Amino acid sequence: MDNTILRVEELNIVFHTKHGHANAVNNVSFELKKGEKLGLVGESGSGKSVTSKSIIRLLQSPPAEITGRIYLNDTDLLKLPEKEMMNYRGNRISMIFQEPMVSLNPLFTIGNQMMEVLFRHQKISRDDARGKVTEMLKTVDIPSPQTRLKQYPFELSGGMRQRIMIAMSLLCNPEILIADEPTTALDVTIQAQILDLLNKLNEDYGTSIIFITHDLGVIAEMVDTVAVMYAGSIVEKATVQEFFSAPFHPYAEGLLYSIPGIRGDTEKLETISGSVPSIYQLSEGCAFHNRCKYVCNICRQKKPEIQDIDGHLVSCWKYTDAWKGAGTNAG
Amino acid sequence: MPDKSNVILEVKHLKKWFPVAGSRGKKFVKAVDDVNLTILKGETLGIVGESGCGKSTFARLMLRLLDATDGEVLLNGRDIMKLSPNEMRKTRRNIQMVFQDPYASLNPRMKVERILMEPYIIHSLCSVKEAKIKAAELIETVGLSAESLKKYPHEFSGGQRQRICIARALAVMPDIIVCDECVSALDVSIQAQIINMLKELQKKYGLTLVFISHDLRVVRHISDHIAVMYLGEVVEHASKQELFENPRHPYTQALLSAAPATRPGEVKKRIRLKGELPSPIDRPAGCGFCTRCLYAEENCTKEVPGVYRIGYGHDCRCIKAGGELRIL
Amino acid sequence: MWKSLKENRTGMAGIIIMLIVILMALTAALIAPFDPAKQNLMAKLAPPVWSGGTLEHILGTDQLGRDILSRIIYGSRVTMLVAFSGTIWAGIIGITMGAVSGYYGKWVDAVIMRIVDIQLSFPFILLALFVAAVLGRSLTNIILIAGISNWVQYARLVRGEILSVKEMEYIEAIRSVGGKNGRIIMFHIIPNVISPVIVQATLGMARIILMEASLSFLGLGVPLEIPTWGRMLAEGRDFMLTNPWLAIIPGVAITVTVLGVNLMGDWLRDYLDPKLDV
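Residue numbers (the working numbering), protein chains in the order written: chain A, 189 to 519; chain U, 65 to 392; chain B, 197 to 474.
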């Protein structure tokens, strides 16, 4: 509780659409310490993006119905009036997105857009603002920063734009940076640079980072803690070392071992049979039961509670006495 | 040397230059520039490279979805660039492609059955009734149920759609299937399913696969040989093992070092490349990589390096990599 | 589809209006109480039933004693005929031109688009005058004018749609399987661009109806014997102060029909488009 800066408690997000009620996020709770890097991992439909957007309150509500509490230090962000929340965005919590090609306004220069962030949150003169922005561009390894200030987004490559997004998000020295799949759209060599940059900034500035991705292979060198999401719930949370040496949850295990090369050269890749259930129709039992190698009766009937095994959290019946033997779903 | 009789596709000095609009024939986007490759029957060739390297253009040239500016593509000994439209149409049965975007590669207005029947109808391979039966067989081969036949593409997930695309490619029993980033848009666990399926199908039908991707891990898993592309050229070509154990081209080395770590705490020594990818309109004189290469010297900026043979089946386009200059 | 209609009241209304008008046109001979050309000078300028007229002529009679209701009913035939034929004609020319232009591109595209530009800058009245003067006034010529002045929307629309559909990977896929251009256009491109065209057609029909009315109003339309709403409107012009219903009734008929077409077109657009979106 000492250096915990973010506490998400019992977050539930339901979307009310004409097709029914979509349970996008189900009873999600987690904590983030100061300076910690948390990896939020999940595939399409896992709810990871929706969760992160709710922290910075970028979800339209309606159609989203958000319940629960999100504490930044001692303030419940979900209860803040929009005007106050606007003071938090870009200032105390920042977010960078997946598509660097469209995250910047094509009509304004880089300098213009970056200084706008400063003017919004701080009383600062134009010259000082320019100075700070130039400094920040240097910090994110953008060559010839003065020239960049006058350039427009279309003049820059994807990797550069992503760096500028990162620079923009750090201008006010936020406590938390949410990075939503920031490298998925970038080439491998550029990805490596961006990841190194994020690590460096975390060390230098102490910014906590929530790193969202579907690619477990990217987070091994990036995060301190891993939280895996499936069908709107967190199914496992552990330090990155513990997770990679032995994932507990069957889904996390399947996900990790389906990465080519993770277990050396194999003939066949591990796969998870079946597909993600529709968020309009979640079952009574564990959301993963119809694809799980280890399923048994209780998995089909009740949702598992979170087990804490020496700080390694997992939501799975297999780690309780109630579990009886391996299941009938082929792996 | 690879056995000549076993070569199924040979690419010689292949060039594709797109004229820049408004430059009146003076400026070109050199998307593919002097590519030379040999593909053996039954093998899996991985082509890896980042954006702008020309791999997608190359894929389309292999299928003659684009005409080459220069060079030859010899499929079973015949240059497909020189075939008449009718001959080309028949030859298309030998090489098929699975595309990247599962959401754009199926006609949203056609039922799956019709999509799968179409290759048979186009080539008049059998009657409509027989085509229906074949379609049903195909859909099962790729692991989807018979009910799928009556549905429209938008009723399926990305992974399922790729299966349908693979089924369509298989319909004409091609010798070669080119996969152009066909798993890149899929979730990791679905990727694994598709990759496994491709390998099984390869074994079952004796297919030759050309697997194009920017993801080194996937390419490593699936390929026998790998070709690395940069700015329209193949800068290195070797067997999988050789490429990963003994990469000789500086770009290949940088690419391999950039791959994310698979173990936490694994210290990766990253080779940091200088600068950015040059525009394919303004290729640097000499070696395409010289503006970013850590080992570049004066000779590198003067001439485009030839292809040097490093070892058995291992070629590299770098004057500093050693090996013998090959005359192609 | 019914569900969509039930939810969308205006669309439902539009379709009902259209059905009534079409039915009227088809059964004109059966339901019209009088011969629309039969003059009865004894009963001329009789007011409609709500203004003191008799039930014999519910909507009254015109200056030559012809029953207005019958003329309205028969007039719907011309209206519907011109509207449908004109639209189909314009559609065929437009879709073909647009398809060729969009698919083959380059100089074909340039030439066709210049023709489109020329066509658009040409006032259609002038065109109508030209055709009327040179070819004479007949029903066929009206349909011809309708076709010629309206194909342009379809061409542009189809060309635009094709330009985007052409680049889709499923087109490349069929080409790679060995499909010829003809097959690609027929089975893969047209079905995917037809939706907005259908919507455009319903709206275009409205335009044609108004166009026919205007031409008849100006005296350029179909031969005098055939009753049309536009002509009725024109003839009623002279009597606006004394017997306003002569002009108002056909005017209302035109307005309601065009409204019906537009409402149906709106609904159709909403119904068809989301289905295209995956």
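From the three backbone atoms N, C-alpha and C, an ideal C-beta is built for every residue, glycine too.
As the structure is a prediction and not an experimental result, all values here were calculated from the model.
query: Indicate the three-state DSSP secondary structure (helix, strand or coil) for R137/U in the structure shown.; result: The displayed chain sequence assigns Val, not Arg, to residue 137/U. Residue state, collapsed to three classes: strand.
query: Distance cutoff 8 Å, beta carbons only. Does S253/U sit that close to anything in chain B?; result: no
query: Counting pairs of Cβ atoms below 8 Å between the stretch 327–347 of chain A and the stretch 285–294 of chain A, do you hit three or more?; result: yes
query: In chain U, which residues lie less than 9 Å from A408/A when you measure between Cβ atoms?; result: P324, A325, T326, R327, P328, G329, E330
query: Just list the residues that DSSP pairs F275/U with in beta bridges.; result: G110/U, C243/U
query: Under three-state DSSP, which class holds N310/U?; result: coil
query: List, in order along the chain, the chain B residues whose C-beta lies closer than 7 Å to that of H54/U?; result: Absent from the structure is residue 54/U, since the part of chain U shown begins at 65 and ends at 392.
query: Shortest alpha-carbon distance to I391/U belongs to which of Q224/U, Y372/U, K384/U?; result: Y372/U
query: Assuming H437/A contacts C504/A under a Cβ cut-off of 8 Å, what Cβ separation, rounded to an integer in Å, is found between them?; result: 5 Å
query: What residues in the stretch 120–143 of chain U bring their beta carbon closer than 7 Å to a beta carbon of chain B?; result: L127, L129
query: Are there 16 or more other CB atoms within 10 angstroms of the CB of L199/A, so buried, or fewer, so exposed?; result: buried
query: Below 7 Å CB to CB, which residues in the same chain sit around G207/B once its five sequence neighbours on both sides are set aside?; result: L201, L459, M460, D462, W463
query: Does any residue of chain A have a CB that is nearer than 8 Å to the CB of L358/U?; result: no
query: For L234/U, is the classification buried or exposed, using 16 other Cβ atoms within 10 angstroms of its Cβ as the cut-off for buried?; result: buried
query: Around the Cβ of N214/A, are there at least 16 other Cβ atoms within 10 angstroms (buried) or fewer (exposed)?; result: buried
query: K456/A versus chain U: which residues are under 8 Å apart at the beta carbon?; result: N260, K263
query: So G261/B and A228/B are supposed to be a Cβ contact under 8 Å. How far apart are they, rounded?; result: So it is not a contact: roughly 15 Å between Cβ atoms.
query: For E182/U, count the other beta carbons within 10 Å of its own beta carbon; 16 or more makes it buried, fewer makes it exposed. Which is it?; result: buried
query: Using three-state DSSP, classify A95/U as helix, strand or coil.; result: strand
query: Kindly indicate if chain A contains any beta-carbon less than 8 Å away from that of E340/U.; result: yes
query: What first and last residue would you give for the alpha helix (DSSP H) that runs through K491/A?; result: No alpha helix (DSSP H) holds K491/A; DSSP gives it neither H nor E.
query: Would you kindly check if the distance between the Cβ of A256/U and the Cβ of T459/A is under 8 Å?; result: yes
query: Would you call the stretch 282–301 of chain B and the stretch 341–353 of chain B touching, i.e. three or more CB-CB distances under 8 Å?; result: yes
query: Short of 8 Å in beta carbon distance, which residues of its chain neighbour R205/B, apart from the five on each side in sequence? Order them along the chain.; result: none
query: In the DSSP output, what is N200/A paired with across the bridge?; result: T255/A
query: Which term fits K311/A, buried or exposed, when burial requires 16 or more other beta carbons within 10 angstroms of its beta carbon?; result: exposed
query: Is Y418/A closer than 8 Å to S242/A when the C-beta atoms are compared?; result: no
query: Taking C-beta to C-beta, are L228/A and I193/A nearer than 8 Å?; result: no
query: Run the CB neighbour count on L331/B, radius 10 Å, all protein chains shown included, and call it buried at 16 or more, exposed below.; result: exposed
query: Just to confirm, is the Cβ distance from A351/B to S297/B under 8 Å?; result: yes
query: For H278/U, which of Y269/U, P324/U, S253/U, K263/U has the nearest alpha-carbon?; result: P324/U
query: Residues of chain U with a CB under 7 Å from the CB of L443/A: which are they?; result: V252, S253
query: Put P217/U into one of helix, strand or coil per three-state DSSP.; result: helix
query: Taking Cβ positions only, does T335/A come closer than 8 Å to chain U?; result: no
query: If you follow the beta strand (DSSP E) that S345/A is part of, which residue opens it and which one closes it?; result: First-last for S345/A: undefined, no H or E at that position.
query: Residues of chain U with CB closer than 8 Å to the CB of S503/A, please, in chain order.; result: In chain order: nothing, as chain U lies at least about 18 Å away.
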